[in-house]
Structures are given as C-alpha cells and as structure tokens.
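There are 2 protein chains.
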Amino acid sequence: MGGRNFSKKRQLILDTIKETDSHPSARWVYEKLKADFPDLSLGTVYRNIALFKEEGLVISVTNIDGEERIDGNTHEHAHFVCKECGCVYDIFSSNDDNAAQCPLAGFETDRTVLTYYGRCSDCINRE
Amino acid sequence: MGGRNFSKKRQLILDTIKETDSHPSARWVYEKLKADFPDLSLGTVYRNIALFKEEGLVISVTNIDGEERIDGNTHEHAHFVCKECGCVYDIFSSNDDNAAQCPLAGFETDRTVLTYYGRCSDCINRE
DNA sequence: CCTAAAACAGTAATCATTACTAATTTATTT
DNA sequence: AAATAAATTAGTAATGATTACTGTTTTAGG
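Order-wise, the sequence lines are chains A and B. Reading the first sequence from the start, the letters are residues 1 to 127 in this note's numbering. Reading the second sequence from the start, the letters are residues 1001 to 1127 in this note's numbering.
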C-alpha cells in the first residue's frame, strides 16, 4: 500500500490519470484502458481511485452530470468548468502555492477549491 | 413559472430552503416538510430544486457523500465543508460582490465558487 | 515451488436522481 | 360558481453512478 510497488493494474490506472489533462471520470479511465486491457473491471477503477484520493495522489475536482471528475495534478490550482460542453480547464496562477486559508477562526483548511463555471471560448465561438 | 405565483408545494419547498442555513440536500428538505405535509413526494422536491436552480433562486454548493447540497442564499459567498461531520459553513467577505472572473481569455464566467475543505472547530475540539 | 495476503473480475446490491402516468390542483373562461 | 384546460403532483418504476461481495488470480516472500 504505502510503498512504491503498485500492482500492474493499479499502476496503469494511476498512469492514465496522471497522463491526461481531461479531468476524467472513473468510466473514462475504464474505457480508455479497456481497449488495451479487456479484462479490466470498472470496480477496480473505482476502488483504486478511492485509494488514490485517500493517499493524496489524486483530487476530486467537480461533479458533472452526476459523475465525479478527478485530477492527477495535485498541485493547487483553479479550474474552469464549461456548463455547455462539460470540459474542465486548468488555471494555473503565480500564487497557487499560497492558496488562502479559510478565515474562520479555529478551522483547519486542508484544501482550497476555486472553480469558475460558465461557457468556454469554444462554445462561445461555436454559436 | 416566471411569475410570482408558485403552487403551494413549490412555495413550501422554496421557503424551507431559504429559511435554513444548513445547505440541505433534497432529502433533507423532503423529510423536514414530510412531517407537516405527509403527502409530499420526494420527486416533487427534486423537480422543484432543479427548477429553482434554472431560475437562479438556489445554487448548488457541493456534493457530500454523493448528495448534492444546495444554498438558498444566492449572494456570492464562500463555503467551508468539514470533511469529518459534513457540515457546510457560510463565509461572507467584504469583497464577495466583485468575485474574480476566470482569467482565461474569451471565457464567460457565470459563477465563481470558492470552497474550503478541512475540519471545523467543533470537530477539532471534540477530539 | 509453496503459501498467505492483496488485488482483481464479474456480478449483485445500493442509493441518489430522473422519468413516467394517472390523479389532483390551479388557472382560465364562461 | 361550474366547466375546461394547463400545470403540478404522488407514487412508483427506471436509470445510472458507485459500492459491496465472492470466488479466482496475482503478487510477495520464503
């Protein structure tokens, strides 16, 4: 678990998540890998994503149409979610590192999530 | 629809959401009203919440344990979500009104969501 | 190679949410 | 107010994401 020796499937799932910037759902990861590894199980993808979240290897970004979307880039950064096409964009800023803490006294902030919702330029230009 | 004459049930549901600061789930609203209105249907709560969201009377705040949590206060403000007890706290700030727009060129920002995740003071003190 | 623990495939179960339909409520017209 | 049409609802069934379960396979160590 805690070590660096992941099983073959577990490593494949993590690599797939780390290599894309599509902020995928569990099903997306499953279908991408299914092509090359037909005996992969959807439950395995879910189970491993849950595990990665616990270990901080992956974060939950948003929920689009009932599906949780995750990000393998755990460096603190903002996101833009397009309400029209459902795409999720990364927004990196020079002060991502010193993300604001919650101003409520006596509260302990683990993670600060900044998300913009709206229409992306592609959808605006397509109209 | 667009007018001010809501059906009895619809108005009840909206009032319940507006009157609480618990950032309720659909089921919470349903169970709260069910006590006094035993013939209320859960589907009606869901349908009306969807409608309120479309009309901008209510916003979606976060998703906790698979349940969407909403807020009847549509004034822009931040939230703190306690990972331990699942409570959602409002965080009002002097510059809520001029919430940042997404810095990506050509993108249209409808809503900026700032959420802190961590442990609330109650949970910290309880340990 | 042997053995025990961990991980997996495949399927069934769970649970939030949505869809559907017949009945009820609300609005409109007389 | 009665008659009619439109909107809303209750109750239930369907959907779809996620989780749980069980028997099998993979992995790690000796």
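Note that beta-carbon positions come from the ideal geometry of N, C-alpha and C, so glycine has one too. All values derive from a computational prediction rather than experimental measurement.
Open item on the list: Under 8 Å, Cβ to Cβ, is there at least one residue of chain B near S133/A?
Closed with: What is shown of chain A runs 1 to 127, which leaves residue 133/A out entirely.
Open item on the list: Strictly below 7 Å CB to CB, what residues from chain A border V1113/B?
Closed with: For the purposes of this step, residue 1113/B is taken as residue 113 along the second sequence, with counting starting at 1. By Cβ distance, chain A contributes T115, Y117.
TODO: Give the secondary structure of S60/A by DSSP, where H, G and I count as helix, E and B as strand, and everything else as coil.
DONE: Here residue 60/A refers to the residue found at position 60 of the first sequence. Reduced to three states, the DSSP call for S60/A is strand.
Open item on the list: Here's the rule: buried if 16 or more other CB atoms are within 10 angstroms of the residue's CB, otherwise exposed. What is N1048/B?
Closed with: Start at 1 with the first residue of the second sequence, and residue 1048/B comes out as number 48. Within 10 angstroms of the beta-carbon of N1048/B lie 16 or more other beta-carbons, which makes it buried.
Task: Residues that S121/A contacts on chain B, provided the C-beta gap is smaller than 8 Å - done: In the first sequence, residue 121/A corresponds to position 121, counting from 1. Annotation: Cβ neighbours of S121/A in chain B (cutoff 8 Å, chain order): L1104, A1105, G1106, F1107.
Open item on the list: Closest to A99/A by C-alpha separation, out of C1085/B, A1105/B, D1122/B, L1114/B, would be which residue?
Closed with: Here residue 99/A is taken as the residue at index 99 of the first sequence, counted from 1. Selected option, being the one with the closest Cα: L1114/B.
TODO: Flag D36/A as yes if its beta-carbon sits less than 8 Å from any beta-carbon of chain B, otherwise no.
DONE: Position 36 of the first sequence, counted from the start, is the residue given in the question as residue 36/A. Taking Cβ atoms only, chain B never reaches closer than 8 Å to D36/A, which makes this a no.
Task: At least three beta-carbon pairs within less than 8 Å, the segment 18-28 of chain A to the segment 60-78 of chain A - done: yes
Task: DSSP state of A1078/B mapped onto helix, strand, coil - done: In the second sequence, counting from the first residue as 1, residue 1078/B sits at position 78. In the structure shown, A1078/B sits in a strand (DSSP, three-state: E or B).
Open item on the list: Is it the case that the segment 90-110 of chain A contacts the segment 1009-1021 of chain B, given that we only count it when at least three CB pairs across the two stretches are under 8 Å?
Closed with: no
- [ ] Keeping to the same chain, check which residues put their C-beta closer than 7 Å to that of C1087/B; ignore five residues upstream and five downstream.
- [x] Residue numbering aside, residue 1087/B sits at position 87 when the second sequence is read from its first letter. Cβ neighbours of C1087/B beyond the five flanking positions: C1120.
TODO: Could you tell me the distance, in whole angstroms, from the CA atom of P1103/B to the CA atom of Y117/A?
DONE: The residue labelled residue 1103/B in the question sits at position 103 within the second sequence. The residue labelled residue 117/A in the question sits at position 117 within the first sequence. Distance between the alpha carbons of P1103/B and Y117/A: 12 Å.
- [ ] Figure out for me which residue from K18/A, E108/A, Y89/A has the closest Cα to the Cα of F52/A.
- [x] Locating residue 52/A in the first sequence gives position 52, counting from the first residue. Measuring from the Cα of F52/A, the nearest candidate turns out to be K18/A.
Task: Interface partners of N63/A on chain B, CB under 7 Å - done: Along the first sequence, read from residue 1 onward, the residue named residue 63/A stands at position 63. The answer, in chain order, is N1063.
TODO: Examine chain B for any beta-carbon lying closer than 8 Å to the beta-carbon of I49/A, and answer yes or no.
DONE: Your numbering for residue 49/A matches position 49 in the first sequence. No, no contact with chain B.
Open item on the list: By the 7 Å beta-carbon criterion, what residues does the segment 1009-1021 of chain B contribute toward chain A?
Closed with: Cβ contacts with chain A come from no residue of the segment 1009-1021 of chain B.
Open item on the list: Suppose you measure from the CA of N5/A to the CA of V1061/B; what does that come to, to the nearest Å?
Closed with: Locating residue 5/A in the first sequence gives position 5, where the first residue counts as 1. Locating residue 1061/B in the second sequence gives position 61, where the first residue counts as 1. The alpha-carbon separation between N5/A and V1061/B amounts to approximately 38 Å.
Open item on the list: Quick check on L1040/B: buried or exposed, where buried means 16 or more other Cβ atoms within 10 Å of its Cβ?
Closed with: Here residue 1040/B is taken as the residue at index 40 of the second sequence, counted from 1. Buried, because 16 or more other Cβ atoms sit within 10 Å of the Cβ of L1040/B.
Task: Beta-carbon gap between F107/A and F1080/B smaller than 8 Å - done: Taking the first residue of the first sequence as position 1, residue 107/A is located at position 107. Taking the first residue of the second sequence as position 1, residue 1080/B is located at position 80. Less than 8 Å divides the Cβ of F107/A from the Cβ of F1080/B.
Open item on the list: Give me the residue from D65/A, R126/A, L14/A, Q101/A with the minimum Cα distance to D76/A.
Closed with: Counting from 1 along the first sequence, the entry for residue 76/A is found at position 76. Note that residue 76/A corresponds to Glu in the displayed sequence, not to Asp. A check of alpha carbon separations from E76/A across D65/A, R126/A, L14/A, Q101/A identifies Q101/A as the nearest.
TODO: Compare the C-beta of C87/A with all C-beta atoms of chain B and state if any pair is closer than 8 Å.
DONE: By 1-based counting over the first sequence, the position of residue 87/A is 87. Answer no: the Cβ-Cβ gap between C87/A and chain B never drops below 8 Å.
Task: Selection of the segment 1067-1080 of chain B by Cβ proximity to chain A, strictly under 7 Å - done: F1080
Open item on the list: In the DSSP output, which residue or residues are listed as bridge partners for D71/A?
Closed with: Counting from 1 along the first sequence, the entry for residue 71/A is found at position 71. DSSP output for D71/A lists I59/A as bridge partner(s).
Open item on the list: Counting C-beta neighbours from all protein chains within 10 Å, is the total for L42/A 16 or more, i.e. buried, or is it exposed?
Closed with: Looking up residue 42/A in the first sequence gives position 42. Counting Cβ neighbours within 10 Å, L42/A comes out exposed, since fewer than 16 surround it.
TODO: Pull up the distance between the alpha-carbon of G3/A and that of I1059/B, whole angstroms please.
DONE: Working through the first sequence from its first residue, we reach residue 3/A at position 3. Working through the second sequence from its first residue, we reach residue 1059/B at position 59. In this predicted model, G3/A has a pLDDT of only 44, less than 50, meaning its place in the structure is not dependable; the value taken from the coordinates is given anyway. When rounded, the distance between both Cα atoms is 42 Å.
- [ ] Counting only the same chain and skipping the five closest in sequence on each side, list residues whose C-beta sits under 7 Å from that of T44/A.
- [x] Counting from one through the first sequence, the residue named residue 44/A turns up at place 44. The beta carbon of T44/A sits closer than 7 Å to the beta carbons of K9 from its chain, once the five residues preceding and following it are set aside; these are given in chain order.
Open item on the list: Is it buried or exposed, A78/A, if we count other Cβ atoms within 10 angstroms and call 16 or more buried?
Closed with: As a working mapping, residue 78/A is identified with position 78 in the first sequence. By the 10 Å Cβ count, A78/A comes out buried.
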